[in-house]
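Heads up: the sequence lines are chains A and B, in that order.
Quick note: the first sequence uses our numbering, first residue 16, plus one each step.
Quick note: the second sequence uses our numbering, first residue 1205, plus one each step.
Report on the following structure.
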Amino acid sequence: MSAFSAIGEDRETDRDEFTPGIEPQATWCPGCGDFGVLKALKQAMPEVGKNPDEVALFTGIGCSGKLNSYFESYGFHTIHGRELPVARAAKLANPELEVIAAGGDGDNYGIGGNHFIHTARENHDMVSIVFNNEIFGLTKGQTSPTSPKGHKSKTQPSGSAKSPIRPLSLSLTAGASYVARTAAVNPNQAKEILAEAIEHDGFAHVDFLTQCPTWNKDAKQYVPYTDIQQSDEYDHDVSDRQEAAEIMYETESKLYEGEVLTGRYYVDEDRPSYQEEKAATGEMPDEPLAERYFDEDAEWERTADELLDYHK
Amino acid sequence: MTGQELIWRIAGGSGDGIDSTSQNFAKALMRSGLDVFTHRHYPSRIRGGHTFVEVRASNDEVRSRGDGYNFLLALGDSFARNPQEEAYYGNEEVKPLSENLHDLREGGIIVYDEGLLEDDEIADLNLEERAEENDWHVYPLNLREIAREHGREVMRNTAGVAATAALLGIDTSYFEELIQENMSGDVMEANLTVLEQAYEQVSEMDQSHDLQIPEPEGHDEDQVLLSGSNAIAYGALDEGCRFISGYPMTPWTDVFTIMSQNLPKFGGISEQVEDEIAAACLALGASHAGVKAMSGSSGGGFALMSEPLGLAEMTETPLVLVEAMRAGPSTGMPTKPEQGDLEHVLYTSQGDSSRVVFAPGNLRECYDQTRKAFEIAYDYQIPTIVVYDQKLQGELRNVDESFFDREPNGDPGSVLTEEEIAEAAHHASGKFQRFQHEPEDGSNVSPRSVPGQKDGRFLATGNEHNESGHISEDPQNRVFQMDRRLGKLDDIRTDLDENASHQTYHGPEDADHGIIVWGSHQDTVFEAVDRLNDDGHSVKALGVSDLMPYPVEEVSEWLESVDQALVVEMNASGQFRGLTQKEIGRFGPKLSSLLKYNGNPFEPHEIVEGFESSINGEELAANNMKYVPAAGD
């Protein structure tokens, strides 16, 4: 028997299984977009046939970091901006785990920007959900990397002199093999995109627009969105990198003018995931490394047998 | 040291093959049956610049670099003479002969390469007169010419080794063997010819010196020549570490490289990542998922790890970090040793955080304490740090192979199997209690599960949390969790006292005076203590290698038994003395400090001098060290 019998367990799951039974009530503000992420994620799990024990959810800090208090799975609430490096090692240690990382725009486009770039570059097989509400919420409303230029906050009272980061273009350039944007106000699309991102074999970046009714009432996440896949206006080939780059550039310019475009922007089914790339170099174990510690028959080689001759 | 000894110094430019030549030289002497020890001195520069390596060899045990040296092979710096030197190599003048003469002992031998040293350098030295004064025996040889004639210029190192052998009566068969093992084809043939030709030429010369190689005892095939970094890496592998993540930084890079080159052979994973924060986070993630993992860095990189270190402590995720110290603050002196990061590793990270810190005192302890660091981390779910320095990292020493012939340990510590999770403590709702207030076995360790196991779900969080891992600011819960986490240190102290104390005692038990040392200078101090006792003093030494939890009882008992104690360490502020005073304050008035922080490790005679002036109440004559008297003196 496998040491991890929950992994790949063949049974139907219900979205209610992903609601913790005894844990605290959500402390997100009324009307917070984060409820939309939680709902979409819970709904996506039965669709992809996962059970709570085989899912490992890694979060950053802030309102988004509370996600794993309200989502039942193995959880690791890490530190500000660091959920991606913790998550990707767990995936390497046990590639059979379903690894999901979630953080805010501060986590992934600010303090952990370096990790975001490199996790996308390496194309680790995981989902990165970025709660993008264009604001620092839990620290009470400071300007974030996605806040619009000119945004006034207590820390930038004269208005931000910085142009917002372009998350979709950033992850595409860095090497993500799946890039999508969805919005909390669009639960059905959000569920579909999360399910697709989970099943995608590579780094799936989902920029998730979530409204912050407390600190960022001006954000455009409330306005009606257009689904690029459903709109006749766009005849967009998601496998074409250049087309994706162009449409991303356009939408990222228009977002702050009130035109919200969501959907799949780029899907590369051919790019091997990081663990496949690493296996090709001969530096990735065939079996999940974590299994080995539970295997009574595992052989633990000694350095004395293998390495010391070199030093004689 | 009772027997004869050779301390051979080879000097030249970085990138000229000084390092590999000295390693082979040391290995050849080890194979011939001698004990060997190497000391490296190099600049933070890849090519050019002054570098030297000393190989100390004796038919008695060698435990430090020794005092000065008695054979200089000055090769010169081929890169400094490059026509583009201004642009590419700076304008530093490299003088391997003049820069090295001050430590050469009386009666010593000088071999310099006429072909590589400028005439004016030699002329400026007043060599003839100084040689007469110090009874030096000078052999100007044209090693480059010999190398060119029988091979290529780069083989002048081989010619230098051959000249050494001819002058000291060393059997060249071990050098031949090593050339045959490490090279092939024309390069091997040419090197063998250079070796033979140079040996013959120099053998036929008139020789005036009487220094000879100590009588070797024959090839001991069980000896291996290793650095502290090798021993740390092999300790980790033997203890079941199969995941490493890191970012390059001198001198930590050494362990990282050795692990990266060998882990795949053992079915493990190595990751070079974007920064040190990521490096520690990856090790944490792998450990959370059930794999024994490590990371590490040097001072500045370790500073970046303080957040993940605290996270490991709060989430009770096992984590092993290596901190390879170099001189600081900030980027300091990248290639020079110092023991200046002690307080950094003891106290970094916010809150009442706790971790275990080991500071191996020599090669063997590097292996032992790394194994122990993993055992403690995975049994007690706590971060452990192995702190060592650029000295232990770079020096090679021989040790018997059987020392490494231990049982490998793949045990993941306090991790439950699925069967055990089913039987473990659960909340009435069925939820697994990952962080129990009072674990059933009465210890402070609440067993953990690993993602993917059935019904073992929990939340790991850096926030204070309740028994199932969920965020809680309940005052009662807070106290329970803090007490349990901090209580582990007491348990670990008891465990170490009973099973694996790493303190090392040296010298007569009833001695009047004491010297305390931590980390890489342990054996240098022990050598100095032997010499002091031979000179009629009454001294013993204590090498402390468990730093946190501090071995209060052992050190107290020892301090009780001496009139006063000199704390020897390589930093400017006496950090270990400070730690000792903090842990066992009542001995403060007995402790004085001998400090050195100029980037060069202590030599045994310096400790002898420091000790003598401390007990005689005299001012320290040497200006490269500092004596700080006991408080209240």
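Backbone N, C-alpha and C define an ideal beta-carbon position, used for all residues, glycine too.
Taking the C-beta atoms as reference points, Gly1450 (chain B) is found nearer than 7 Å to Phe1460 (chain B). Restricting attention to A:Arg196, A:Ser173, A:Ser178, the CA atom closest to the CA of Ser186 (chain A) is found in A:Arg196. Around the CB of Gly75 (chain A), 16 or more other CB atoms lie within 10 Å, so the residue is classed as buried.
The beta-carbon of Ser246 (chain A) is placed no less than 7 Å from the nearest beta-carbon of chain B. Around the beta carbon of Lys167 (chain A), fewer than 16 other beta carbons sit within 10 angstroms, so the residue counts as exposed. Contact check for Gly1444 (chain B) against Ile1417 (chain B) fails: the beta carbons are separated by 7 Å or more. Counting the other CB atoms within 10 Å of its CB gives Lys164 (chain A) a total below 16, which places it among the exposed residues. In the DSSP assignment, the residues bridged to Met1537 (chain B) are B:Ala1531. DSSP, read as helix, strand or coil, puts Ala1215 (chain B) in strand.
Under the DSSP definition of a beta bridge, His1243 (chain B) partners with B:Glu1258. Within the segment 1473-1511 of chain B, the complete alpha helix (DSSP H) segments of 4 residues or longer fall at 1480-1492, 1503-1508, listed in chain order. In this structure the segment 1594-1602 of chain B does not touch the segment 1626-1634 of chain B; the number of beta carbon pairs closer than 8 Å is below three. A direct Cα-to-Cα measurement between Val1365 (chain B) and Leu1399 (chain B) gives close to 8 Å.
About 6 Å separates the Cβ atoms of Arg1446 (chain B) and Leu304 (chain A), confirming a contact at the 8 Å cut-off. For the segment 65-77 of chain A, residues whose beta-carbon sits nearer than 7 Å to a beta-carbon of chain B comprise Pro67, Asp68, Glu69, Ala71. In its chain, beyond the 5 residues on either side, Ala1563, Val1748, Phe1780 have a beta carbon closer than 6 Å to the beta carbon of Trp1722 (chain B).
Contact check for Arg1269 (chain B) against His1245 (chain B) fails: the beta carbons are separated by 7 Å or more. For Val1832 (chain B), the closest C-alpha among the options B:Thr1784, B:Gln1585, B:Val1772 is that of B:Val1772. Take the alpha-carbon of Ala1490 (chain B) and the one of Gln1585 (chain B): they are about 14 Å apart.
When the beta-carbon positions are compared, Glu1322 (chain B) and Asn1346 (chain B) stay at least 7 Å from each other. Burial state of Tyr1551 (chain B) is exposed, judged by a 10 Å Cβ sphere holding fewer than 16 other Cβ atoms. Within the segment 1406-1438 of chain B, the residues whose Cβ lies closer than 9 Å to any Cβ of chain A are, in chain order, Glu1425, Asp1426, Gln1427, Val1428, Leu1429, Leu1430, Asn1434, Ala1437, Tyr1438. Glu1547 (chain B) has its alpha-carbon roughly 38 Å from the corresponding atom of Ile150 (chain A). Tyr1709 (chain B): member of the beta strand (DSSP E) spanning 1708-1710, first to last residue. In the three-state DSSP reduction, Ile208 (chain A) falls in the helix class (H, G or I). Around Asn1466 (chain B), the beta-carbon contacts reaching into chain A at under 7 Å are Leu322. Going by C-alpha positions, Ala1835 (chain B) is about 28 Å away from Asp1734 (chain B). The alpha carbon of Ile1625 (chain B) has as its nearest neighbour, out of A:Cys78, A:Thr266, A:Val63, A:Asp68, the alpha carbon of A:Asp68. Among the residues facing chain A, Gly1614 (chain B) is included, as its CB has a counterpart in that chain under 7 Å away. Taking a cut-off of 8 Å for Cβ pairs, the segment 242-250 of chain A and the segment 275-288 of chain A touch, as three or more such pairs fall below it.
Across the structure, Asp1714 (chain B) and Arg1267 (chain B) are spaced so that their CA atoms are roughly 24 Å apart.
Taking a beta-carbon distance threshold of 7 Å, Trp230 (chain A) does not count as an interface residue toward chain B. In this structure Met1518 (chain B) is not in contact with Ile1481 (chain B), their Cβ atoms being roughly 16 Å apart against a cut-off of 8 Å.
Per DSSP, Pro182 (chain A) is one residue of the alpha helix (DSSP H) stretching across 182-189. Within the segment 119-173 of chain A, the runs of beta strand (DSSP E) that reach at least 3 residues and sit entirely inside it are, in chain order, 141-147.
In terms of beta-carbon proximity, Pro300 (chain A) lines the interface with chain B, with at least one pair separated by less than 7 Å.
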